[in-house]
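Chemist:
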Amino acid sequence: GAVVSQHPSWVICKSGTSVKIECRSLDFQATTMFWYRQFPKQSLMLMATSNEGSKATYEQGVEKDKFLINHASLTLSTLTVTSAHPEDSSFYICGGEANYGYTFGSGTRLTVV
Amino acid sequence: AQSVAQPEDQVNVAEGNPLTVKCTYSVSGNPYLFWYVQYPNRGLQFLLKYITGDNLVKGSYGFEAEFNKSQTSFHLKKPSALVSDSALYFCAVRDMGAGNMLTFGGGTRLMVKP
Numbered sequence: 012g013a014v015v016s017q018h019p020s021w022v023i024c025k026s027g028t029s030v031k032i033e034c035r036s037l038d039f040q041a042t043t044m045f046w047y048r049q050f051p052k053q054s055l056m057l058m059a060t061s062n063e064g065s066k067a068t069y070e071q072g073v074e075k076d077k078f079l080i081n082h083a084s085l086t087l088s089t090l091t092v093t094s095a096h097p098e099d100s101s102f103y104i105c106g107g108e109a110n111y112g113y114t115f116g117s118g119t120r121l122t123v124v
Numbered sequence: 003a004q005s006v007a008q009p010e011d012q013v014n015v016a017e018g019n020p021l022t023v024k025c026t027y028s029v030s031g032n033p034y035l036f037w038y039v040q041y042p043n044r045g046l047q048f049l050l051k052y053i054t055g056d057n058l059v060k061g062s063y064g065f066e067a068e069f070n071k072s073q074t075s076f077h078l079k080k081p082s083a084l085v086s087d088s089a090l091y092f093c094a095v096r097d098m099g100a101g102n103m104l105t106f107g108g109g110t111r112l113m114v115k116p
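If you read the protein sequences in the order shown, they are chains A and B. For the numbering used here, count along the first sequence from 1 and bump the result up by 11. For the numbering used here, count along the second sequence from 1 and bump the result up by 2.
1) Can you pull the chain A residues whose beta carbon is under 7 angstroms from the beta carbon of G109(B), in chain order?
2) Below 6 angstroms CB to CB, which residues in the same chain sit around V22(A) once its five sequence neighbours on both sides are set aside?
3) Contact between the segment 38-48 of chain B and the segment 101-115 of chain A: three or more CB pairs below 8 angstroms?
4) For the pair the segment 79-95 of chain B and the segment 62-69 of chain B, tell me if three or more CB-CB distances fall below 8 angstroms.
5) Put P97(A) into one of helix, strand or coil per three-state DSSP.
6) Starting from Y41(B), trace the beta strand (DSSP E) in both directions and tell me its first and last residue.
7) May I ask you to report which of helix, strand or coil DSSP gives D97(B)?
8) Taking its Cβ as the centre, do 16 or more other Cβ atoms sit within 10 Å of F92(B), making it buried, or is it exposed?
9) Relative to chain B, which residues along the segment 51-81 of chain A have a C-beta separation below 7 angstroms, given in chain order?
10) Considering only C-alpha positions, which residue in the set T105(B), D87(B), V95(B) and G55(B) is nearest to P42(B)?
11) Can you find a C-beta in chain A that's less than 8 angstroms from the C-beta of M113(B)?
12) Give the residues of chain B in contact with T43(A), contact being defined as C-beta atoms less than 8 angstroms apart.
13) Inspect the beta-carbon positions of M58(A) and S88(A) and report whether they are closer than 8 angstroms.
14) With a cut-off of 8 angstroms on the beta carbons, I'd call M98(B) and N32(B) a contact; round off their distance for me.
15) Nearest-angstrom Cα distance between F69(B) and G108(B)?
16) How would you write the range of the beta strand (DSSP E) that Q17(A) sits in, first residue to last?
17) Is V73(A) helix, strand or coil by DSSP?
18) Identify, in the order they occur along the chain, each residue of the same chain with its Cβ nearer than 8 angstroms to the Cβ of T119(A), setting aside the five sequence neighbours on each side.
19) Run down chain B in chain order and give the residues with a C-beta less than 7 angstroms from the C-beta of S117(A).
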């Protein structure tokens, strides 16, 4: 079946630094990748949709300059949290569409100290 | 706009008993419906989906769900719950008339007690 590999699984960074999260589709081509954010005990909120070879589409309220998304190839999408602050601490999950279904990565737990 | 509602924050059931996790949806077009399970600090695992066809969909780990168009519901069911089924369950919908993004419900925590 379709597999999405997401790295890192967890990361701790200092305030003001940047963190990059990678999402790779291992056995399918993902023209579109979705990035979700999940706060503790809450649902997944769509942050942005990345499109291979073009600009990402951000949901209302998500800062484009803070959450940089790059989708340079059909198998790789990245999310960079720039100038991270403690309020950016969250669980980030990426997912791609394959065969009328959606496959998600294992998630990245980001803690900003 | 598409939306999903999971009216129960938590469902408690005894091991061996049947379980139901409720989900209702709202879309303008035809829905694609999904159920996912999430274990602590893990990603989402696919359970089942409804695209078209038979209203009763069978999925992984003995789970099934019934699509009810008139009630706009897609409840998740299992005839006999296991303690290992305890996890967070998400219902999700894609509106075929509104792009390809998935919208998730708020999640329901299932607690199966021995």
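Virtual Cβ for every residue (Gly too), placed ideally from N, Cα, C. Since this is a predicted model, take the numbers as computed values, not measurements.
Modeler: The relevant details are as follows:
1) Under the 7 angstroms cutoff, chain A gives S54.
2) Within the same chain, and ignoring the five residues on either side of V22(A) in sequence, the residues whose Cβ sits closer than 6 angstroms to its Cβ are V30 and L121.
3) Yes, they touch.
4) Yes: the two stretches touch, three or more of their Cβ pairs being nearer than 8 angstroms.
5) Residue state, collapsed to three classes: helix.
6) Per DSSP, Y41(B) belongs to no beta strand (DSSP E) and is neither H nor E.
7) It is a strand residue.
8) Buried, since its Cβ has 16 or more Cβ neighbours within 10 Å.
9) Within the segment 51-81 of chain A, the residues whose Cβ lies closer than 7 angstroms to some Cβ of chain B are S54, L55, L57 and T60, listed in chain order.
10) Of the listed residues, the one whose Cα sits closest to P42(B) is D87(B).
11) Interface with chain A (8 angstroms Cβ-Cβ cutoff): M113(B) is excluded.
12) Residues of chain B with a Cβ closer than 8 angstroms to the Cβ of T43(A) are, in chain order, N102.
13) For M58(A) and S88(A), no; Cβs fall outside 8 angstroms.
14) Their Cβ separation, rounded to whole angstroms, is 5 angstroms, which keeps M98(B) and N32(B) in contact under 8 angstroms.
15) CA-to-CA, the gap between F69(B) and G108(B) works out to about 19 angstroms.
16) Run containing Q17(A): V15 to H18, per the beta strand (DSSP E) assignment.
17) Coil.
18) Excluding residues within five positions, the ones whose Cβ falls inside 8 angstroms are Q17, H18, P19, S20, W21, V22, I32, F102, Y103 and I104.
19) Per Cβ cutoff of 7 angstroms: R44 and G45.
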